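Trainee:
This is the structure:
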């Protein structure tokens, strides 16, 4: 599967022109896992006339410390203390901190004008490593907006991050309850004062995790709802003609699924190495078209409709041109990470988070 629409540029221009190319249709898959929604739980939702969100930037967290999972007991553990004290919620490793700092220096310049003009919205998984990755970027943007000129008066140029569990980590399907992040109020109080603890996640993953197909549906729904939320926010504020950028920080599996959900390009083999996800790599997607009035942002057949929220073109595929060490810690799916029976779990033994269980073991 070739991705000719993903550019190879080292640097990205915030206002690159959208492509008119359409995505091929893909086979539809049904979602079997329950996903908790903030709205009424409908499987489709309609559009507004104005579509302010024109581009999405996906950022994977920096390299992190490891944890260990014993699938027989369902217990996560680590030899390192984690700031939140929660399982599977590690901080960045030392060179992950370096990656985050380099990313912050780059994005602080690339997104500074958008932040000053209040045309940037930032979302993140609530796991510590993602928020820690965003810290240098957010702190730089706070400095930039604090010196905003009088031209931006009347707009809210304060920088905050909305914690969205719908773009959170994928742990696989299990018989035990999978980890969840700390509450936004605690994360804001103890670690990240710029986290918006008044924001409520639009989508919440199933507590026992999910298989690969439901993961893609969860991410697709979350992306569609986030775009719809921001479209509505700007339209209702009388700013529907402005172009808005979203920056989303998340995880490897979620970023791969996001690329597929936005473009509508889902390979028959989920293990295909299509959308990249290097640590602190940046992917860029531009909105392909404005959906017709009344057209839904999301429906269960998004694989055959060219992507969610009108469809998107990939212009950067986990670009690492801003990182001194370039591409590091790439990842792709290796079969369905599934621990939904005691017998299957017992046969697996202990699994570390640094790699996936080989398909032959699943």
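Numbering (the UniProt record's numbering), first residue to last: 1 to 362. The beta-carbon is built from N, C-alpha and C at its ideal position, and this holds for glycine as well. Small disclaimer: the values here were computed from a predicted structure and weren't measured.
DSSP three-state call for residue 305: helix, strand or coil?
Mentor: Coil.
Trainee: Which runs of the beta strand (DSSP E) fall wholly inside the region 122–180 and span at least 3 residues, in chain order?
Mentor: Correct list: 161–163.
Trainee: For residue 268 and residue 147, I'd like the C-alpha separation in whole angstroms.
Mentor: Between residue 268 and residue 147, the C-alpha separation is close to 50 angstroms.
Trainee: When burial is assigned at 16 or more other CB atoms within 10 Å of the CB, is residue 317 buried or exposed?
Mentor: The residue is buried, with at least 16 neighbouring Cβ atoms inside 10 Å.
Trainee: Kindly indicate which residue of 54, 84, 55 and 88 has the alpha-carbon position closest to the one of residue 68.
Mentor: It is 88 whose Cα lies nearest to the Cα of residue 68.
Trainee: Taking three-plus beta-carbon pairs below 8 angstroms as touching, is the region 74–91 in contact with the region 107–123?
Mentor: No, they do not touch.
Trainee: Which residue's Cα is closest to the Cα of residue 300: 333, 263, 214 and 319?
Mentor: Ranking the options by Cα distance to residue 300, first place goes to 214.
Trainee: For residue 209, I'd like the list of residues in its chain whose CB is within less than 6 angstroms of its CB, leaving aside the five on either flank, ordered along the chain.
Mentor: Closer than 6 angstroms at the Cβ level, and outside the excluded window around residue 209, lie 171, 172, 173, 174 and 178.
Trainee: What residues match up with residue 56 in a beta bridge as DSSP calls it?
Mentor: In the DSSP output, where bridge partners are listed per residue, residue 56 has 246 and 285.
Trainee: Out of curiosity, what's the CA-to-CA distance linking residue 296 and residue 310?
Mentor: Cα-Cα distance, rounded: 8 angstroms.
Trainee: How do the region 184–198 and the region 225–243 stand: do at least 3 beta-carbon pairs fall below 8 angstroms, yes or no?
Mentor: Result no; under three Cβ-Cβ pairs closer than 8 angstroms.
Trainee: Does the contact criterion of 3 or more C-beta pairs under 8 angstroms hold for the region 211–225 versus the region 282–291?
Mentor: At 8 angstroms Cβ cutoff, the stretches do not touch.
Trainee: Exposed or buried, what is residue 63 when buried is set at 16 or more other beta-carbons lying within 10 Å of its beta-carbon?
Mentor: Result: buried.
Trainee: Compute the Euclidean distance between the alpha carbons of residue 131 and residue 234, then round it to the nearest angstrom.
Mentor: Whole-angstrom Cα-Cα distance: 25 angstroms.
Trainee: Count the other CB atoms within 10 Å of the CB of residue 181; is the residue buried (16 or more) or exposed (fewer)?
Mentor: Classification of residue 181: buried, given that the 10 Å Cβ count is 16 or more.
Trainee: Please report the straight-line C-alpha distance between residue 138 and residue 115, rounded to a whole angstrom.
Mentor: Cα to Cα, residue 138 sits roughly 10 angstroms from residue 115.
Trainee: Measuring only the C-alpha atoms, how far is residue 162 from residue 272?
Mentor: Near 31 angstroms, if we compare the C-alpha coordinates of residue 272 and residue 162.
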